[in-house]
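J.: I have a structure here, written as C-alpha cells, and I will follow up with some questions on it.
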Amino acid sequence: MSGTEVALIRLATTVLGAATKALLTPRPGAGLVPDPVRPLPRPAKPDRPAKPDRLAKVLAGRMSESYADLPEHERLAALTSVQDTFAGGDLTAGQLFALELDPERLRAELSAPAAGLSERASGLYEDLLGRCCAHLVEQLTAHPSFAARAAVEQVRAAGRTRELVERAAAGKRVLLAVVNGDAAPEKVSGTVYRLLPGPVDGCGLDRVAAGDLVAALG
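Start counting the sequence shown at 742; every next residue gets the next number (the working numbering).
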C-alpha cells in the first residue's frame, strides 16, 4: 500500500470518527442527558456505518480526476493537513446544528491549511476538506438519534425567532406577518396576519385575512 493510500485511509477513518463522536453512541432520545431517568424504548438497529475504505476510494477518485499532476509529496501534505484539521477539532452536534448542517459553512469554519502548502496543494486541501465535510454531515443525519436531536434544535430555533419578534415589535406600531401566532409583543399596536393561532391574537393587534394583508402591503 502506497503512502498516499495509507494517508487516505487515515483521513477517512478520522472523518468518520468525528461524525461518530458528534453524537456518541446510538441511543433513543435527543442525547441531552447522559442517564435518562425514564425508561425509553430500545433504539432501532442503526444502518451499517460507512467504511473508511469507501470514503477513501471517493477521495482517491477525486485526486486522480483533478490532481493527478500534483507530486505525491504535495498530495500527502494536503491529505495530512485535512486529517489534522479533523483530528484537532472537537465537533459536537450543537456546533453542526448551529451551522445549519451546511457542509460548505462547516468547511469554512474548519479550514486551516498547514503553512507551506503550495497553491495547488492548498486547492486539494480545500477540495478534500469540503468533500469530507459533506460526508460527515451525511453520516450525522443517518445516526439513529438525529431525528430526536433535530426536533430539539427546531423547537429552540422557533423560540429564538419568537423572542426576536417580540423584542423588535415591543412598544411599536407594526404590521406583523408570521406563520405561528406564538409571539406576543408588549405594548404593541397595529396589524397582524398569522396562519396559526396563538398568544399574538390577544396582544392588541388587529388580525387581518390574507386579502387584507396584500392590500396592506400594497
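For each residue, glycine too, the CB sits at the ideal point set by N, CA and C.
1. Measure the alpha-carbon distance for residue 821 versus residue 750 and round it to whole angstroms.
2. What's the C-alpha gap between residue 913 and residue 860?
3. Rounded to whole angstroms, what is the Cα-Cα separation between residue 926 and residue 808?
4. Assuming residue 756 contacts residue 827 under a Cβ cut-off of 8 Å, what Cβ separation, rounded to an integer in Å, is found between them?
5. Can you give me the C-alpha to C-alpha distance between residue 866 and residue 854, rounded to a whole angstrom?
6. Going by Cα to Cα distance, which pick from 931, 817, 901 is closest to residue 910?
7. Do residue 864 and residue 844 have their C-beta atoms closer together than 8 Å?
8. Kindly indicate the opening and closing residues of the alpha helix (DSSP H) around residue 870.
9. I think residue 834 touches residue 918, with their Cβ atoms under 8 Å apart; what is that distance to the nearest whole Å?
10. Measuring CB to CB, does residue 851 end up less than 8 Å from residue 878?
11. Please classify residue 817: does DSSP put it in a helix, a strand, or coil?
12. Whose CA, out of 801, 830, 836, lies closest to the CA of residue 819?
13. Can you list, in chain order, the residues of its chain whose CB lies under 7 Å from that of residue 785, leaving out five sequence neighbours each side?
14. Go through its chain and collect everything with a Cβ distance to residue 948's Cβ below 6 Å, but skip five positions before and after it.
15. Using CA atoms only, rank isn't needed, just tell me which of 923, 836, 955, 887 is closest to residue 901.
T.: For this structure:
1. 11 Å
2. 54 Å
3. 57 Å
4. 6 Å
5. 7 Å
6. 931
7. no
8. 860 to 882
9. Actually they are not in contact, since the Cβ atoms of residue 834 and residue 918 sit about 33 Å apart, beyond 8 Å.
10. no
11. helix
12. 801
13. At residue 785 the pLDDT is 49, less than 50, meaning the model places this residue with poor confidence; the figure from the coordinates comes in the next sentence. Cβ within range, chain order: 885.
14. 933
15. 923
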